[in-house]
Amino acid sequence: MAIEKVTLTGASETLYAGWTKYNALCDSLFGSDGTTRYPRVIKIKIEDGTLASTIKVTATSVFNGDAIAAEDNLGASGDTGYFNLDATKSSLHIEAGAITGSCTHTLLAVVERNAGGEFPYCQPSVVSAGITLKFRKNDDSNYDLTGHVDIGELYITVLYLTSE
10 MAIEKVTLTG
20 ASETLYAGWT
30 KYNALCDSLF
40 GSDGTTRYPR
50 VIKIKIEDGT
60 LASTIKVTAT
70 SVFNGDAIAA
80 EDNLGASGDT
90 GYFNLDATKS
100 SLHIEAGAIT
110 GSCTHTLLAV
120 VERNAGGEFP
130 YCQPSVVSAG
140 ITLKFRKNDD
150 SNYDLTGHVD
160 IGELYITVLY
170 LTSE
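With the numbering used here applied, the sequence shown corresponds to residues 10 to 173, in that order.
In structure tokens, the structure reads:
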């Protein structure tokens with residue numbers, strides 16, 4: 010995928026400075042250091058697990074991403090192979106082995122739908138070449154994934170870059 014840079018002639022200094030920053034960002038994200046990076050998008054579905062106080066997590070590819078089969082009964086401090094949940098039940102980690110290449114950047118995580126009616130925000134980050142999604146309520150407290158999916162499913166779309 011080629012990212013087009015913007016070239017301006019006769020533009021105002023303010024506009025020129027903005028596009029210079031845009032071009033620098035494209036360079037840093039998409040490999041001005043000689044490293045090629047690949048954009049990927051996945052959709053995460055989190056639903057109630059079979060056992061009490063657990064969740065079931067599935068990932069599907071939206072664009073160039075990886076499909077990860079459903080892993081059930083993920084509880085606090087649990088690990089089901091490709092997914093793990095922290096002790097607070099508010100951070101979901103996708104292991105590096107579950108995605109193609111090593112994750113280099115997480116650009117966006119959007120909570121698309123929450124059948125429970127509450128919309129937490131999701132902060133993505135790169136941890137150990139995998140992706141960690143930290144869920145918080147609007148008051149900045151932890152969002153307990155195991156407690157809130159009892160009333161319905163939660164869908165999150167994640168945009169990230171990998172090394173291959």
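Ideal placement from N, C-alpha and C gives every residue a C-beta, glycine not left out.
Which residues does DSSP pair with Thr67 in a beta bridge?
Answer by DSSP bridge pairing, in chain order: Lys54.
Contact defined as beta carbons within less than 8 Å: I believe Leu168 pairs with Leu101. What is the distance between those atoms, to the nearest angstrom?
16 Å between Cβ atoms; not a contact.
Could you tell me which residues DSSP pairs with Tyr47 in its beta bridges?
Answer is Thr171, bridged to Tyr47.
Measuring CA to CA, which of Glu173, Ala105, Ser70 is closest to Tyr164?
Of Glu173, Ala105, Ser70, the residue nearest in Cα terms is Ser70.
Alpha carbon to alpha carbon, how far is Ser99 from Arg145? Give it in angstroms, no decimals.
The alpha-carbon atoms of Arg145 and Ser99 are separated by roughly 7 Å.
If we count the other Cβ atoms within 10 Å of its Cβ and call it buried at 16 or more, is Glu22 buried or exposed?
Low local confidence applies: a pLDDT of 49 at Glu22 is under 50, so the model's placement there is unreliable, and no value is given.
Please name the residue, chosen from Ile160, Cys112, Ser172, that lies closest to Ala124 on a Cα-to-Cα basis.
Nearest option by C-alpha distance: Ile160.
Please report the Cβ distance between Thr166 and Arg46, rounded to the nearest whole angstrom; I am assuming they are in contact, meaning their Cβ atoms lie under 8 Å.
Contact flag wrong, Cβ pair sits at about 19 Å.
Do the segment 82–94 and the segment 51–63 touch if we need at least three Cβ pairs shorter than 8 Å?
Yes, the segment 82–94 is in contact with the segment 51–63.
Quick one: is Val158 buried, meaning 16 or more other Cβ sit within 10 Å of its Cβ, or exposed?
With 16 or more Cβ atoms within 10 Å of its Cβ, Val158 is classed as buried.
Locate the beta strand (DSSP E) running through Gly139, then write down its first and last residues.
Looking at the DSSP string, the run of the beta strand (DSSP E) that includes Gly139 is 139–145.
Under a Cβ-count criterion, where at least 16 other Cβ atoms within 10 Å of its own Cβ denotes burial, should Gly106 be classed as buried or exposed?
With fewer than 16 Cβ atoms within 10 Å of its Cβ, Gly106 is classed as exposed.
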